[in-house]
Amino acid sequence: MTLEEMKVLARQGIKMTHRYFSDNEWLIMRGNLIVFEDNVTIFLNDWISDKDWVNYGWSKYTES
6 MTLEEMKVLA RQGIKMTHRY FSDNEWLIMR GNLIVFEDNV TIFLNDWISD
56 KDWVNYGWSK YTES
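Below, the structure is given as structure tokens:
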């Protein structure tokens, strides 16, 4: 899934993960803020700047 597709779902409160995340890592979005599983919050543009890997590789997080 692409970054743009991920943002749509994450803004709906759906937990999203990336192929480079650990098994227990996920994020959701509130507007332009990313909220990680540990409640760390950062602006989307600050987090993705200079990270080409974020453009692809997203999927819905499933609890194990």
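Residue numbers (the numbering used here): 6 to 69. Beta carbons are placed, not taken as given, at the ideal position from N, Cα and C, and that holds for glycine.
Quiz item: In terms of residues, what are the limits of the alpha helix (DSSP H) holding Ile19?
Solution: That residue, Ile19, is in no alpha helix (DSSP H); it is neither H nor E in DSSP.
Quiz prompt | Enclosing beta strand (DSSP E) for Trp52 [first to last residue] | solution = Per DSSP, Trp52 belongs to no beta strand (DSSP E); it is in the alpha helix (DSSP H), Leu49 to Ile53.
Quiz item: Taking C-beta to C-beta, are Tyr66 and Thr22 nearer than 8 Å?
Solution: Cβ atoms of Tyr66 and Thr22: closer than 8 Å.
Quiz item: Which residues in the same chain have their Cβ closer than 6 Å to the Cβ of Thr46, if we skip the five residues on either side of it in sequence?
Solution: For Thr46, where only same-chain residues beyond five positions count, the Cβ hits under 6 Å are Leu38 and Val40.
Practice problem: Please name the residue or residues paired with Trp63 in a DSSP beta bridge. | Solution: Paired residue(s): His23.
Quiz item: What's the gap between the Cα of Tyr25 and the Cα of Ile53?
Solution: About 14 Å.
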